[in-house]
Amino acid sequence: MLPQSIQKTLLVLSLTVSMTGCLAKQYVVHPPPPTLLPATPNPLSPAPESSISLPVLVDLSPFLTAANDDSVIPKKFDHWGSFIKHPKGAEYKYYAERDDFTMAPSGAHQTNSTSSGTVLRDWWKGIELSSSHLFVGTALRYKIGAHSLHCGDGSEWPRMATLHGSIATELTPTYGLSASVASVAVNTSDQCQIRVADLDVTQEVKQRLTDIVRGGLSRAVTRINGLTVKSHVEDVWNTLRNPIQLEPNAWLQFNIDKVQHSGFSGIGPIVNETIHVTAKPVIVFGSEPPAGVAPLPPLDSPPTSTGFHGAADAQLYGTLPATLANRLTPTGFHVVADFPLDYPSLSQSLAARLKGKRVAVKGDFIVITDAAILGRGGNQVVLRIAFGGDATGHLYFVGKPEMNMLTQSAQIGGLRLDHDSEQFLAKNGPDWLAHSSIRELVMGEAVLGVTSATDRMRDLLRMALNRSISQTLSLQGTIASVQGIGVFADMNSLYVRVMSDGSVNLKVEGKP
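For the sequence shown, my numbering begins at 1086 and goes up steadily by one.
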């Protein structure tokens, strides 16, 4: 047995070696913070074009009144008392009478029987979509006579036909109406068959009636050419130039750009022309933004759609070819806003997910004790990760925020150790920490939801829509979807760019 003094000496040496081993595993990791980067401009908003639709009512009663004036277009076409001599030598006479003109849906002028579904479905074929058309029509009764030949007279009275007129009607760049007669046609459902020599008398009578009606309609459309919708559109334009306050520091700015139109709809005499104000709406925060100063621009051409669309067209819309259907579909209403998320709140959320997480390499380990997100500039963020265990201190990670559209979350792309943190570990150790899975752990947890931003967008839009914006105008709209579309950072905040999709119409209060 060793003397007692030697035993004490060996015990002290053993404890000293043991403590030295423990102290050798304790690393203090305190690298300097990352170098700040120069500020960069925030990325430009995509600002997709939106459409704000405004129905403008146009009263075409003066045109119909003129068309039904017997002094403009006769109600009776009476050439029965004497024969008309044709240049080819044939002689004939006729009598016809019409009812009052009424406005008809587009396509009606192309049908002459009740079994015309195929014709109706194909009314768009061959039509050049460069202007709007409105159609008038009426019933026609007639009879025709030649020497020793008669059709529709006596017990055969009357032979039936229809009279149709197509009026090309367009809004001019100055918002006035411009109209001209595009075509006139007589369609006989109970046709007379009279020929004298090589002259088709029935066709000759139809042509004479067509010429008379064309001349009368040309005089009647002058009543349309004096109409204008400029005052209605100008009121809307001036209203939409001003931002709408949603909250004390939140504003909806329309950024209106141009004006288009869709074409006339309805069966008359009060018809509707839909005006589309093109805008790039955004929600901005802070003090009230300045109002737009641009005056009402000329009406943009060509229009977004065409045709005088009545009830029949709504039923036939599904039969249109895709290219034409797209032209008849107005764009939606898209609002973009950048919502700031403050770094202290983001840091609390990240710390709650990371605190207590353990990273081990063989016999060594660390436990994360805190986490924070900071701005670096240059559209980058810094993640400061504090830890204890076999090494104590903190490390800095840097990366660029990115939006995951599929999961609607923001993540830190290209996350890596900051250069100074990397150099500190390489120089001072511990080597095992440099090769640990701490980066993967942090990257997996540094996923930030954007629900708070999208919910805020919905709340603000609910304030913006379905409300009066002037004494005569109110917004009526729906929100179809809201989603994050981008993310970026500066020194003060992380910003989530949110875009909503929906539709907005303007309603004119009271009489137009």
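Quick reminder that beta carbons are idealized off the backbone N, C-alpha and C, glycines included.
Only counting the same chain, and skipping five residues up and downstream in sequence, which positions put a Cβ closer than 7 Å to that of D1238? K1228 and G1230
Quick check: the segment 1443-1462 against the segment 1113-1127, are at least 3 beta-carbon pairs closer than 8 Å? yes
For P1366, does the count of other Cβ atoms within 10 angstroms reach 16, so buried, or fall short, so exposed? buried
If I follow the unbroken beta strand (DSSP E) through R1170, where does it start and stop? The question names Arg, but residue 1170 is Lys in the sequence shown. Looking at the DSSP string, the run of the beta strand (DSSP E) that includes K1170 is K1161 to K1170.
What is the DSSP secondary structure of T1187, reduced to helix, strand or coil? strand
Taking K1343 as the reference, give the member of T1307, N1310 and P1380 with the closest Cα. P1380
Grab the span of the alpha helix (DSSP H) containing R1326 for me, first residue to last. Run containing R1326: none; DSSP gives neither H nor E here.
How would you call N1153, buried or exposed, if buried means at least 16 neighbouring beta carbons within 10 angstroms? buried
Which of helix, strand or coil does DSSP assign to V1221? strand
Count the other C-beta atoms from every protein chain shown that fall within 10 angstroms of the C-beta of Q1561, then say buried if there are 16 or more, exposed otherwise. exposed
Measure the C-alpha to C-alpha separation of L1439 and E1530 and round it to an integer number of angstroms. 7 Å
What residues match up with D1544 in a beta bridge as DSSP calls it? In DSSP, D1544 forms no bridge with anything.
Simplified DSSP assignment, three categories, for P1178: Per the sequence presented here, residue 1178 reads as Lys, with Pro not at that position. Strand at K1178.
In the structure shown, what three-state DSSP assignment does D1575 receive? coil
Residues bridged to G1478 (per DSSP): V1114 and F1472
Should D1423 and Y1580 be called a contact, given that it needs their Cβ atoms to be closer than 7 Å? yes
Rounded to the nearest angstrom, how far is the Cβ of A1476 from that of P1515, given a contact under 8 Å? 6 Å
Classification of W1242 by the beta-carbon crowding that lies within 10 angstroms, buried from 16 upward: exposed
Using a threshold of 7 Å, state whether the C-beta atoms of W1165 and K1173 are closer than that. no
Three-way DSSP call (helix, strand, coil) for D1238 in this model: coil
Sequence-distant residues of its chain with Cβ nearer than 7 Å to R1541 (five each side left out): F1424
Taking all protein chains shown into account, do 16 or more other C-beta atoms lie within 10 angstroms of the C-beta of G1571, making it buried, or fewer, making it exposed? buried
Own chain residues within Cβ distance below 8 Å of E1487, not counting five before or after: A1495, Q1496, I1497, G1498 and V1572
Compare the Cα-Cα distances from H1361 to each of P1126, P1123 and L1591 and report the closest residue. L1591
Express the C-alpha separation of R1304 and G1261 in angstroms, rounding to a whole number. 18 Å
With distances taken from CA atoms, which of N1513, S1585, V1141 and P1126 is nearest E1319? V1141
Determine the closest residue to S1167 out of E1176, L1225 and L1325, with distance taken between C-alpha atoms. E1176
D1385, DSSP secondary structure in three states: coil
By alpha-carbon positions, which one of D1586, M1576 and F1450 ends up nearest to A1124? M1576
Can you grab the Cα-Cα spacing for the pair R1280 / L1248, in whole Å? 22 Å
Inspect the beta-carbon positions of V1298 and V1321 and report whether they are closer than 7 Å. no
Cβ neighbour criterion (16 or more within 10 Å) applied to V1181: Here the sequence assigns Ala to residue 1181, which means Val is not the residue at that position. Counting Cβ neighbours within 10 Å, A1181 comes out buried, since at least 16 surround it.
Counted within 10 angstroms of its Cβ, other Cβ atoms place E1134 as buried (16 or more) or exposed: exposed
Whose C-beta lies closer than 6 Å to the C-beta of T1254 among residues of the same chain, with five residues either side of it excluded? S1217, L1219 and A1264
Straight-line Cα distance separating P1126 from N1464: 9 Å
In terms of residue numbering, what span does the beta strand (DSSP E) encompassing N1340 cover? Run containing N1340: none; DSSP gives neither H nor E here.
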